[in-house]
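There are 2 protein chains.
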Amino acid sequence: MSEPNPGEPSAEDPRLLDALGQTALVIVGLLTSIAAEHDLSLTQARVLGILRDRRLRMTDLADYLGLERSTLSGLIDRAAGRGLVERSRSAEDGRSIEVALTDVGQQFASRAERDIAAALAPFTARLSPSERTSLTTLLERMLATGASDA
Amino acid sequence: MSEPNPGEPSAEDPRLLDALGQTALVIVGLLTSIAAEHDLSLTQARVLGILRDRRLRMTDLADYLGLERSTLSGLIDRAAGRGLVERSRSAEDGRSIEVALTDVGQQFASRAERDIAAALAPFTARLSPSERTSLTTLLERMLATGASDA
DNA sequence: TATTGTTATACTCTATAACTATA
DNA sequence: TATAGTTATAGAGTATAACAATA
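If you read the sequences in order, they're chains V and L.
Read left to right, the first sequence gives residues 16 to 165 (the working numbering).
Read left to right, the second sequence gives residues 16 to 165 (the working numbering).
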């Protein structure tokens, strides 16, 4: 994995790695700030985002986020305490609990989505429309790949 | 801020926003995993990364990371306890403490850098060399901008 | 027995407030 | 008085281990 593979130049691109890392940290920082404005952690905000168009069991939601079920229990406890999500026992499997957004949670999620668009606008605005299209294509291609082995 | 500004199409690009957000979360997730393999949090890893080619005062390091000084005290306590960084009183200003990597910390940082390159390789490898160049350019342009108003 | 979810526990990250030492 | 750093405290996020209920 760390051999200098001669036919595989992708790791020899420090500028790209830097740009990706920087971009990631900046954007996650922005997302974290926006969440904080609504008194949410980034993780809580992600929960709302994921549940925006879905109702999920605790286990599946934990898998989505890459967290332990026990971690999710606390997360959902706090979100439910604020009236953002609701738990309900599954009809099919008596062991499962399904989580869904409340109306308040939906409104929260919508507002956050607008705020995110606004916060990212200064960044994307610096690119021309065709550059934005290129960037979208490149990022989507990169993600589609990586997902298959990460 | 939420008016539908007709001459400003940058916020009307949900696919780009999605791609940026997804990319950011995936990459930060990878960085977090790599740090965890070395028993470091992402924040601790960032400290090592920042100190890789610098010696900084506590306050400046806190500013770099966007954290309170009190938060940094704990962070540096733990890193120093593991022998990764060293504190030393500033010669110029008796109030200031300078932080620098130890040899062990340097080795850690080098190893982490290689691991990051290896972890990102599957993603970047899916793009052709010229696409990688384009992506680098686009990301750098976007970052250069946003930094001026975020 | 295996799976779903929760609880208990412990540690890290983070901020705010109060403090000490230096400028 | 203002700045640099630490400590005390508190809350959130996280994991591991032990547990209850259901399958």
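All C-beta atoms, glycine included, are put in the ideal place defined by N, C-alpha and C.
Bridge partners of Ile-112/L according to DSSP: Arg-104/L. Using beta-carbon distances, Gly-36/V counts as an interface residue toward chain L, with a partner under 8 Å. Two segments are said to touch when three or more pairs of C-beta atoms, one from each, lie closer than 8 Å; by this definition the stretch 105–118 of chain L touches the stretch 60–70 of chain L. Along the stretch 132–157 of chain V, going in chain order, the ones with a CB nearer than 7 Å to a CB of chain L are Ala-132, Ala-133, Leu-135, Ala-136, Pro-137, Phe-138, Thr-139, Ala-140, Arg-141, Leu-142, Pro-144, Glu-146, Arg-147, Ser-149, Leu-150, Thr-151, Leu-153, Leu-154, Glu-155, Arg-156, Met-157.
Taking the Cβ atoms as the reference, Thr-58/L lies roughly 6 Å from Leu-90/L, within the contact range of under 8 Å. Interface with chain V (8 Å Cβ-Cβ cutoff): Leu-63/L is excluded. At least one CB of chain V lies nearer than 8 Å to the CB of Gly-44/L. Comparing alpha carbon positions, the residue from Glu-107/L, Arg-104/L, Ala-94/L closest to Gly-120/L is Ala-94/L.
For Asp-75/V, not one C-beta of chain L is nearer than 8 Å to its own C-beta. Under DSSP, the beta-bridge partners assigned to Arg-72/L are Glu-113/L. Secondary structure at Arg-141/V: coil, using DSSP grouped into helix, strand and coil.
Each residue's CA atom was taken as its position, placing Ala-51/L and Ala-77/V some 19 Å apart.
Its Cα nearest to that of Arg-67/L, the residue Glu-128/L stands out among Ser-145/L, Glu-128/L, Arg-104/L, Asp-92/L. Taking CB atoms only, Val-100/V has no neighbour in chain L less than 8 Å away.
Scanning Ser-125/L, Arg-72/L, Ile-131/L, Glu-101/L for the CA closest to the CA of Glu-107/L turns up Arg-72/L.
Counting the other CB atoms within 10 Å of its CB gives Thr-74/V a total below 16, which places it among the exposed residues. The Cβ neighbour count for Ala-133/V, taken over all protein chains shown within 10 Å, is under 16; the residue is labelled exposed.
Among the residues facing chain L, Ala-115/V is not included, as its CB has no counterpart in that chain under 8 Å away.
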